[in-house]
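Here's the structure we're looking at; comments come further down.
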Amino acid sequence: MGTEDVIEKILAEAKAEAKKIKKQAEEKEAAEQEKFSEQLDEHKKQTNALAEKLGREKKLHLLAAARMDIAKEHLAEKSKILDEVFEQARQQLHKLSDDQYKNLCTNLMLEAVETGDEEVIIDTSEKRIDEKFIRQINHKLGPERKGNLKLSNQKQQIGAGFILKRGKIKNNVSLDVLLARARKDLEIDLAKDLFS
7 MGTEDVIEKI
17 LAEAKAEAKK
27 IKKQAEEKEA
37 AEQEKFSEQL
47 DEHKKQTNAL
57 AEKLGREKKL
67 HLLAAARMDI
77 AKEHLAEKSK
87 ILDEVFEQAR
97 QQLHKLSDDQ
107 YKNLCTNLML
117 EAVETGDEEV
127 IIDTSEKRID
137 EKFIRQINHK
147 LGPERKGNLK
157 LSNQKQQIGA
167 GFILKRGKIK
177 NNVSLDVLLA
187 RARKDLEIDL
197 AKDLFS
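Under this note's numbering, the first residue of the sequence shown carries the number 7, and numbering increases by one thereafter.
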């Protein structure tokens, strides 16, 4: 399974989960809308009573404050749903089998390598990307790339994935960074699906 297939599968699962969450959100939104209407009616009654005493400016201020509080609650709920969807996708990436993980990293590394003489920095607890894995990648690199990758002695806490380093240039290909990129690309579409 190629990199794009794995990511597409994960994103498809995330979208399916998003649809489920969307339905829950719609049900909650309907309940909140009813609550909002009741609150707004109550605020209007209170505001009308106060407006007689305090005047038009005070009334407008209270209505605006009530609407602002309710809008903040809705925004926080929408943000929470998006966080849940992407956290589930992140967990699925981290649960890949060894073979799926190595296949994903092979494809990612072959795509990310520029010159073929980069250092490969891995996580402090990484066991699946080793010298043997790097030799296999070097063998697969085409003639336009040197096939001289080296496993760095330097390790970092990056989780799954790797960093390619050439001089001062680093290309972070950790799974969390890839998921963050995918989130950025899909956030607008998911927001439309979830909250249209």
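C-beta atoms are modelled at their ideal positions from N, C-alpha and C, and glycine is treated no differently.
Here the structure is a predicted model, which is why all the values come from computation and not from measurement.
Using a C-beta cut-off of 8 Å, the stretch 141-154 makes no contact with the stretch 176-191, since fewer than three inter-stretch Cβ pairs fall below that distance. Gly-153 is the residue among His-100, Asn-109, Asn-159 and Gly-153 whose C-alpha sits nearest the C-alpha of Thr-121. Lys-108 and Val-183 have their C-alpha atoms roughly 17 Å apart.
With respect to Ile-76, Phe-42 sits close: the two C-beta atoms are nearer than 7 Å. Shown here, Glu-125 sits in a strand according to DSSP, grouped into three states. By the neighbour-count criterion, in which a residue is buried when 16 or more other Cβ atoms sit within 10 angstroms of its Cβ, Met-115 is buried.
By the C-beta density criterion, Lys-28 is buried, having at least 16 other C-beta atoms within 10 angstroms. When secondary structure is reduced to three states using DSSP, Lys-171 falls in the strand class.
DSSP places Gln-162 outside any alpha helix (DSSP H); the residue lies instead in the beta strand (DSSP E), whose first and last residues are 156-162. A straight line joining the alpha-carbon of Phe-139 with that of Met-74 spans about 55 Å. Bridge partners of Val-179 according to DSSP: Phe-168.
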